[in-house]
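**Student:**
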Ligand SMILES: [Zn+2]
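In my numbering, the protein residues as written are 965 to 1199.
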């Protein structure tokens, strides 16, 4: 009886919106889909700045719907959301004819540490990058960079240790080499410190980097003024 009931409740769960839990036969209800699509940013590509030294593709604004679905993707074991996001980002990329302007990019997701990925079951950045690349027809290389060390939360560290904490966290996969410009993909841009670290790593190995793509900027596009960000900006 119990298993029958849980089966029935599963059916109900599957017919609700993955973001707001309203009843919906689709993955996201029409309300959430409309809200996500009105949040698509224009222009899609930001020029280089102090926080991101290369072009940055930031797909949508960090509003309630996107915040909610990213939380579902990261903490509620909903990998299909990653695939959905990658596909939607690719549609915007294609609509803006960026695939014609930049036909040769190699898509590389920001890796997760192995143990954290095992815990979560997937790397959300890789799910997004895989469907993004597939939809556009770009090559996808999920194992180009390795997260060799689990980083401590930045807030637990003293100022001097924060930049070092990230710098030693990544390495290039043995034998990885390419002449194709890389498009790094991460789920969300907050301080930009991770992307800056990985860009520096690739450039130190003479690997060309075009820029980065993220679902959204969690910092709303403003330059944070907290001491930790000022410190990370120093080269
Ligand atoms: Zn909804």
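Ideal Cβ positions, reconstructed from N, Cα and C, are used throughout, including at glycine. If you're wondering where the values come from, they're calculated on a predicted model, not measured in any experiment.
Residue 1130 and residue 1155: beta carbons closer than 8 Å?
**Tutor:** Going by C-beta atoms, residue 1130 is not nearer than 8 Å to residue 1155.
**Student:** Nearest CA to the CA of residue 1004: which residue from 1039, 1147, 1049 and 1173?
**Tutor:** Ranking the options by Cα distance to residue 1004, first place goes to 1049.
**Student:** Look up residue 1020 in the DSSP assignment and say whether it is helix, strand or coil.
**Tutor:** Residue state, collapsed to three classes: strand.
**Student:** Kindly indicate the opening and closing residues of the alpha helix (DSSP H) around residue 1180.
**Tutor:** Residue 1180 -> not in any alpha helix (DSSP H); beta strand (DSSP E) instead, spanning 1173-1181.
**Student:** Answer with buried or exposed for residue 1196, where buried requires no fewer than 16 other C-beta atoms within 10 angstroms of its C-beta.
**Tutor:** With a pLDDT of 41 at residue 1196, under the threshold of 50, the predicted position of this residue should be treated as unreliable, though the coordinate-derived value follows. Label assigned to residue 1196: buried.
**Student:** DSSP puts residue 1110 in a beta bridge; with which residues?
**Tutor:** BP columns for residue 1110 point to 1135.
**Student:** If you measure from the CB of residue 988, is any heavy atom of ligand 1 nearer than 7 Å?
**Tutor:** Yes - ligand 1 has a heavy atom lying nearer than 7 Å to the Cβ of residue 988.
**Student:** Can you tell me the Cβ-Cβ gap for residue 1000 and residue 1010, rounded? I've got them flagged as a contact below 8 Å.
**Tutor:** Wrong, their Cβ atoms sit about 20 Å apart, outside the cutoff.
**Student:** Under the rule that 16 or more other beta-carbon atoms within 10 Å means buried, what is residue 1151, buried or exposed?
**Tutor:** Counting Cβ neighbours within 10 Å, residue 1151 comes out buried, since at least 16 surround it.
**Student:** Can you tell me whether residue 1056 is helix, strand or coil according to DSSP?
**Tutor:** Helix.
**Student:** Over the uninterrupted alpha helix (DSSP H) stretch that includes residue 1163, give me the two end residues.
**Tutor:** Per DSSP, residue 1163 belongs to the alpha helix (DSSP H) from 1157-1168.
**Student:** Can you tell me whether residue 1120 is buried or exposed, with buried defined as 16 or more other CB within 10 angstroms of its CB?
**Tutor:** It counts as exposed.
**Student:** For residue 1104, write down the residues that DSSP places opposite it in a beta bridge.
**Tutor:** Residue 1104 pairs with 1071.
**Student:** May I ask you to report which of helix, strand or coil DSSP gives residue 1027?
**Tutor:** Residue state, collapsed to three classes: coil.
**Student:** Assuming residue 1033 and residue 989 are in contact, meaning their beta carbons sit under 8 Å apart, how far apart are those beta carbons, in whole angstroms?
**Tutor:** About 18 Å; that fails the 8 Å criterion.
**Student:** From this set, 1047, 1039 and 1139, which residue's C-alpha is nearest residue 1081's C-alpha?
**Tutor:** The option with the nearest alpha carbon to residue 1081 is 1039.
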